[in-house]
Each structure stands twice: as C-alpha cells, then as structure tokens.
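**Student:** Read top to bottom, the protein sequences are chains A and B. When you line the first sequence up against the numbering used here, it's residues 1169 to 1752, in that order. When you line the second sequence up against the numbering used here, it's residues 7 to 171, in that order. Cβ atoms here follow ideal geometry from the backbone N, Cα and C, with glycine treated the same way. The structure displayed is predicted, hence computed values, not measured ones.
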Amino acid sequence: MKIVIGQGSCGIAAGAGKVHSALKNIIERENIDVKLGISGCIGMCFVEPIVDIYSDDGRLTRLVNVSEKDAQDIANAVKSGDLATVDRLKISDEDASFLAQQTRVALRHCGVINPEDIGEYVAADGYRALEKALKEMTPEDVIEEIKTSGLKGRGGAGFPTWFKWNAARQAEGGPKYLICNADEGDPGAFMDRAVIEGDPHNLIEGMLIAAYAIGAIEAIVYVRAEYPLAIVRLTRAIEDAKARGFIGDNIMGSGFSCRMRIKAGAGAFVCGEETALIESLQGERGMPRLKPPFPANAGYWYKPSNINNVETFANVPWILLNGGEAFAAMGTPDSKGTKVFALTGKIKRGGLVEIPMGMTLRDVIYKIGGGIRDDKEFKAVQMGGPSGGCIPKALLDTEIDYKKLGETGAIMGSGGMVVMDSSTCMVNMAKFFLEFTTKESCGKCVHCRIGTKRMNEILGRIISGDGRDGDIELLEELCYAIKDSALCGLGQTAPNPVLTTIRYFRDEYEAHIKDKKCPAKECAALLTYSIDREKCVGCGMCAKNCPVSAISGERKSPFTIDPFSCIRCGQCVHSCKFGAVTVE
Amino acid sequence: MGCCCSKNKSDLSLLDDVLAEYRDVDGSLITILQKAQDIYGYLPTDVIYHIAEQIKTTPARVLGVATFYTQFRFTPVGKYLILMCDGTACHVNGSERILSAISEDLGISDGGTTEDGLFSLKTVACLGCCSLSPVMMINGETYGTLTPAKAKSILAELRAKAREE
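#1: With a cut-off of 9 Å, does the C-beta of residue 16 (chain B) fall near any C-beta of chain A?
#2: Please state if the CB of residue 96 (chain B) and the CB of residue 1394 (chain A) are separated by a distance shorter than 9 Å.
#3: Which residues, in chain order, does the stretch 1360-1380 of chain A contribute to contact with chain B at a C-beta distance below 8 Å?
#4: At what residues does the beta strand (DSSP E) containing residue 99 (chain B) begin and finish?
#5: Find the residues of chain A that neighbour residue 80 (chain B), judging by a C-beta separation of less than 8 Å, and give them in chain order.
#6: Have a look at residue 1539 (chain A) and residue 51 (chain B) and give me their C-alpha separation to the nearest angstrom.
#7: On the DSSP letters alone, give me the boundaries of the beta strand (DSSP E) that residue 1477 (chain A) sits inside.
#8: Beta strand (DSSP E) containing residue 1229 (chain A): first to last residue?
#9: Spatial neighbours of residue 10 (chain B) within its chain, please: CB distance less than 8 Å, with the 5 preceding and 5 following residues excluded, ordered by chain position.
#10: Does residue 1512 (chain A) come within less than 9 Å of chain B when only Cβ atoms are used?
#11: Since residue 1388 (chain A) meets chain B, which of its residues come closer than 9 Å, beta carbon to beta carbon?
#12: Less than 9 Å between the C-beta atoms of residue 1662 (chain A) and residue 1699 (chain A), yes or no?
#13: Could you list which residues in chain B have their beta carbon closer than 8 Å to that of residue 1407 (chain A), in chain order?
#14: In chain B, which residues lie with their C-beta within 8 Å of the C-beta of residue 1395 (chain A)?
#15: Can you tell me which of the three DSSP states residue 10 (chain B) falls into?
#16: What is the rounded straight-line gap between the Cα of residue 1366 (chain A) and the Cα of residue 1584 (chain A)?
#17: With DSSP run on the structure shown, which of helix, strand or coil describes residue 1172 (chain A)?
#18: Distance check for residue 1551 (chain A) and residue 1295 (chain A), CA to CA, integer angstroms please.
#19: Measuring straight from C-alpha to C-alpha, what distance separates residue 49 (chain B) and residue 1457 (chain A)?
#20: Taking 9 Å as the CB-CB limit, is residue 137 (chain B) close to chain A?
#21: Pick out the complete alpha helix (DSSP H) segments inside the stretch 1611-1664 of chain A, 4 residues or longer, and give them in chain order.
#22: Are the beta-carbon atoms of residue 1495 (chain A) and residue 1326 (chain A) separated by less than 9 Å?
#23: Using the beta-carbon of each residue, which ones in chain B are nearer than 7 Å to residue 1555 (chain A)?
#24: By DSSP, does residue 1744 (chain A) sit in helix, in strand, or in coil?
#25: Quick one: is residue 1401 (chain A) buried, meaning 16 or more other Cβ sit within 10 Å of its Cβ, or exposed?
#26: Is residue 7 (chain B) close to chain A? Criterion is C-beta to C-beta, closer than 9 Å.
#27: Give every residue of the same chain whose Cβ lies closer than 7 Å to the Cβ of residue 1422 (chain A), excluding the five residues on either side of it in the sequence, and list them in chain order.
#28: Can you name the residues of chain A whose CB is closer than 7 Å to the CB of residue 74 (chain B)?
#29: Which residues of the stretch 1592-1621 of chain A have a Cβ closer than 7 Å to any Cβ of chain B? Give them in chain order.
#30: Would you list the one or two residues that DSSP bridges to residue 1589 (chain A)?
#31: Excluding five sequence neighbours on each side, which residues of the same chain lie with their C-beta closer than 8 Å to the C-beta of residue 1343 (chain A)?
#32: Determine, using beta-carbon pairs with one atom in the stretch 1633-1641 of chain A and one in the stretch 1465-1481 of chain A, whether at least three such pairs fall under 8 Å.
#33: What do you get for residue 8 (chain B), buried or exposed, if any count of 16 or more other CB atoms within 10 angstroms of its CB means buried?
#34: Find out if the Cβ-Cβ distance for the pair residue 1546 (chain A), residue 1594 (chain A) is shorter than 9 Å.
#35: From the DSSP output, in three-state form, read off residue 1554 (chain A) for me.
#36: Could you spell out where the beta strand (DSSP E) holding residue 1384 (chain A) opens and where it closes?
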C-alpha cells in the first residue's frame, strides 16, 4: 500500500504538512509496511488536506479534510487493510465529480506523482517526448506538430505558439535564448504555481523541446519570488534532470546542448509583459521596450529569444507523445485543446480546473464548481485579472474560447476565474483593479501612468458618494485614451475592468452617482445603518460592540444609532442575533 | 532614503562571497540585491553604495532598480513579516476587514513596523492560495480562511512565542 499526501502551497497552508509528519511518526513508531509519499496540488483546494491511499492493485481511496487527529485512525486502517474504518473521511461522490468532469493535459501529473522524484516522472512516460523530438524529429518537424495542435499561448494574449517558435528559429544571429514566463502576477490566479510545484519536470521537458525547436543554448525560468516552494522544487528538478543528462551537453547523445537556470523575480506585475521581463532578466528596471523589434529577433541581450508561459510549455510533451491532431480534436475551431483555470471567489468548490475549450462558463461554475457559496445569487465572473473583465449572468452560456470571451469585453487571460455574488459591488471591484494597475504601472507611458491615477480618483469619489454627472463618460474617455496610447499590454488592457463593468452594470454606477446608494451594500460611505424597533429586544450587544459608541438606548427597549457618529463598520450587524440592524 | 553621510555601518564583508560570484556576470544586479537583502534583512544605504562601487555603476542606478521592485525594503523589518494578501479572491472574501483588524491590533498601517520591532505589515498582490482566502503569510508560513478574530489570535500566539524566546 501507498499513502500520498498532497503538498502544494495551499495544501500545506490547510495543514497537509502537519498531517504528513503525524502519519510519518506513527508509521515509523508502529513499523507499518506502507510507503508514504507526497504529491503536488491536485486542485481540489476546497477539501484540503487530502490523503490518497493506493492499494496494491492500484485502487485509490481518497480521504479529504483530514487533520492530524485523524492520523492514528488512518494508520490503523492501513495496518489492518480495512479502509472502511475511515469511511467518514472518504470524499463524497459530489465532491469527486469536481475532478471527474475535467480533462487533464497540462495538469495530468499534478497531484498524482511525486514532484520531488524524477524517477516517478520518468516512469510516467517522462522525457519520452524529448527523446522522440531529439531522435526522430527535426526542429522543423517539432514546430509543424505544434502548428497541427493549434496550441496558443496560455499566458493571456493567445498568440499561436508555433508562429513564435518559428520566428525565433528563422531569426538570424545567435546565441538564441528560451525563456519561461512564470511571473504569474494576476491576483486570483495560481495555475502556473500548481504546475511548477506539482509537475516541474513536465515544464522542464516542454522547455527543452522548445529550446530544441528554436535552437536555444540556454533556457531561463523567470519565477515570482512570492512562490518559494515552486522555486525549491524547480531547483531540485533541474539538478535531477542535469544528473540524468536531460539538461546539459549532448542531451541523450543527440548533439543538442542546452543549459537551464532559474531567475527569481523581484515583484513587479509589469514583468509579465515579455519585453519588461527581458529588461528585468538583464538586471534593469522592468520597463517594456518598443516593439518591433520583437523578442524573436532582439530579445534577451538583444539576441533572438522566445518567451512562453508555463502552461503553454506544460502542454508540449503531451502533444508530442499523443500527436498534434489529438490535441486539436479537443476544443473549438478557434481554440484548441484544454485550458486551466483557477476557480475562486464566492464559489462552493474552488480550485484548479482544466477543461476542454468550448465548455460554457455556466458548466464550469455550476457543474464543476457546484454553484455559488451559501446559495446566493450569481452576479458576475471576473476573467483575466486586472487585464480582463467581468462577465454578467446574461452571458453565462458563453463558450470558453479566445474569440468568444474577447467579444464579451473580457479576455481568456492566464486563467483567473473569480466568481462574485450579489454582495459584490461592481464599482468597488473596478476600483480594486484600477488601484492595482495604478500601483503597478511602470510609469513609462504618460496615459497609463497618469490616466490610471485619474480614473482611480474618479472611481474613489463615486464610491464615497461624491460622484458627479458625467463621471461615467469621463471614465470612458480616459479608458479609450489609455488603451490607444499605452505601449504595452498592461496599459492597453488596464481599462478593461472599468469598461466591462460600465457596459454590464451601468445601473450600479448610476445608483452610486445619482441616488448615492450602493445596491450591493458594500460601499461603506453610501450606507445607512438603523435599528428595526420591531425586531430589537434591547439586549445592548450592538452598543457594547460599537467602537465609536454611536449606539445608545435603555436595556429591554429598542436602541438607536446616531448616524453622525456611525463609522459604518458593520460590527453591529455581526453582533446582533436578532437581525434587527438594517443596512440601506 | 537618507543620504550617504548618515553612515549606517553595515558589515560589508558579509557581501564578499556574493560579489565575488556575481560582480562580473552581466545582468546580475537584481540577484545581488536579493542576496544582500537576505543577508541584512533590508537594503541599508551603505550597502547600496558598496554594491554600486563594486559593480562599477552609480548608486542612482542601483537605487533606481531597487525602488522599482516591491520586494526590496530600505528600512529594517520586524521579526515577523506579515504579508497580507489583497489578491482578487481575498478581496472578494473580505481581506480588508482582516487588514484593518491587524492594523488595529498592532497599531501600524501597511508598510509599518511595530515599535518593539516584532511585527512588520505589508500587503501583497497575490500569494496564490486563493482557495483559502483570505490569506496571510508570516515568515513563509501561510495562514488561510482568516477571520478578524483568527488573525488576532495568530498574532497573540506569535507574541507569546517571542516572549518565551
């Protein structure tokens, strides 16, 4: 028997590390004949920590929401071979359907194999695609196979991968470089982290195949510094791959040589833009360059370079092993294959979701995600982070496809999918993203630097009740000015959250500006707290909890709130057991 | 940023190994700064001047790069560095309430350090643990599904732990 405990960053945060050490202690103490291993994130974050028990015939029993207290019971069950004793921890069929409804290509090994053991990766057909490329295919054949697959860049822009590879292959001069963009900066997205933590060799193999296709001598992974565990696992994976001769000189006797190294980012969202990333790799401020020349001709050290996102590379070994046609058979005419999403927000079952392109947003949110938490009403789903937009309820049947999502005003993006319910204010949401882009604008282009700041100020006055007639139009004007004049993707897409919320939730903006009301009851400055005299029993809990003593009254008779002292913190609402505090 | 004559005296020899390895490697400035911050906990002024001199560039360029990236700090941080996530998922799930509870408990705002040097507070864009939101990370350890009360009790635990040490 074998026990595997999911140990991604989020699993560890949920307590997987403690479960692991508790089990390890018991197994050693009682000398139980079982192998204890780890895996990366399987993506079912809503039931972490997860313990998988594989019987000798390969049958899987999955235990969920496990705590250290359960360790003894699990050890006993494994020892006796009677897993029925831990039935209470077994995953429900409903929760298991979260995974059963997915199609996993990029994530195929995540949560299954041990990311720290190259042997397990090799046993799972690892590095066979690289071998096939090096021994049976020319670089042109590899590019052709990727072209057949229809793979597009998974980082956001959705540019055909083969085209970029081919441009770098054809570019004159050298040496050539291959760069992996693992600077996953979109708040609300963690797909790339899961791939690196859960299946680092898959990324390495995909990168090596790409390096062979374009003729690169060095491959560099630019990873966010906020992902310490990903850096540790990838560093180890690179060392192990070197030791086995998959990285270095004359790989597998093919005559192809390639080095690989990691560069830790230093925290700047704009470095997700490829030319800014290159500047940062060169040790400079991460400010975008003017294109053309494109990185394919003048990238890292102004040499031909190719940059792809983690998920893009993670698809490559599968495509080579199964054929480009098998990949292209999944998805829609415009978008082939699968896409990974980080499903979060007000969702019942949040986590990593990989689905074939063409599935509707409704199916992802309701069938896989199980619907909205606390059965509240769905309001919108935010896709593509600060560069993307909010898609409203009326468009829930939109298919997931680069083109169709683009038509809604949002973008496919790198895969952040944040679900919002009726309690989320869309104006406040737009301001949240604007604040982020204002902070992260590198300052090179005037419209992006100053325009986002002005927009942020306008949104600020709208949510604090000082909105003016004409503010919506002014916002739109600024949006288009920034879009038209920004040099890089950050500025060109920064207005998207504002434009889509104005497009679909204009009435909310108007309610803030004209009626001075926040329909979602989120914007504190626009709320009025009062106590319902019928419901109030006069217990005084609200007055006790009010931090500014704005509530007064005699015990056993209704209390009142002084609207002038009230700071609208909402403490009274939370402290009232009788639902007597109303918010308008 | 103070001027160089304020002379904070850091032990510059601690950087010797790092400089020996990266001094002549093009494009290594960010790596050097990251390693310097690992050593000193922040980037003291004299260290910045020393790096500039060693890699034969101006302190202005070194500072220009250092101030561009959010990772670099120019003042010492507390024993416990609290990274409060304000990513989209955390925001939607109420990270602002957690942040104000922590600020209130510690008496510092975002970017500040407590007088006893125990805690520093910083908001970050996303820690990537969105399914456990709201989340904070303290010295590399992640704490998820926070409530204002839970956050305060975590701080109290750390305070007690520090007192024992």
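**Tutor:** This is what the structure gives:
#1: no
#2: no
#3: 1361
#4: Per DSSP, residue 99 (chain B) belongs to no beta strand (DSSP E) and is neither H nor E.
#5: Simply none; closest approach about 14 Å.
#6: 53 Å
#7: 1473-1477
#8: 1228-1231
#9: Any answer about residue 10 (chain B) is weak, because its pLDDT of 48 lies below 50 and its placement is not dependable; what the coordinates show is given next. Counting only Cβ-Cβ distances below 8 Å, and skipping sequence neighbours, we find 51, 52, 55 and 65.
#10: yes
#11: Scanning chain B for C-beta atoms nearer than 9 Å to the C-beta of residue 1388 (chain A) yields nothing, as the closest lies near 10 Å away.
#12: no
#13: Residues of chain B passing the Cβ test: none, with the nearest at roughly 18 Å.
#14: Proximity of chain B to residue 1395 (chain A) at the Cβ level (cut-off 8 Å) is accounted for by 134, in chain order.
#15: A caution first: residue 10 (chain B) carries a pLDDT of 48, below 50, which makes its placement in the model unreliable, though a value can still be read off. Three-state result, residue 10 (chain B): helix.
#16: Residue 1366 (chain A) and residue 1584 (chain A): Cα-Cα distance of roughly 18 Å.
#17: strand
#18: 34 Å
#19: 28 Å
#20: yes
#21: The alpha helix (DSSP H) runs of length 4 or more contained entirely in the stretch 1611-1664 of chain A are, from start to end of the chain, 1620-1631, 1639-1653 and 1657-1661.
#22: no
#23: Chain-ordered listing is empty here: chain B has no CB closer than 7 Å to the CB of residue 1555 (chain A), the nearest sitting near 12 Å.
#24: coil
#25: buried
#26: Its pLDDT being 46, under 50, residue 7 (chain B) is placed unreliably by the model, and the measurement read from it follows with that caveat. Not closer than 9 Å to any Cβ of chain A, the Cβ of residue 7 (chain B) fails to qualify, so no.
#27: Result list for residue 1422 (chain A): 1302 and 1303, in chain order.
#28: 1436, 1453 and 1454
#29: Residues 1592, 1600 and 1604.
#30: Its beta-bridge partners are A:1546.
#31: 1384, 1385, 1386 and 1471
#32: no
#33: In this prediction, residue 8 (chain B) scores a pLDDT of 45, lower than 50, which makes its location untrustworthy; no coordinate-derived value is stated.
#34: Taking 9 Å as the cut-off, the Cβ atoms of residue 1546 (chain A) and residue 1594 (chain A) do not count as close.
#35: helix
#36: 1384-1391
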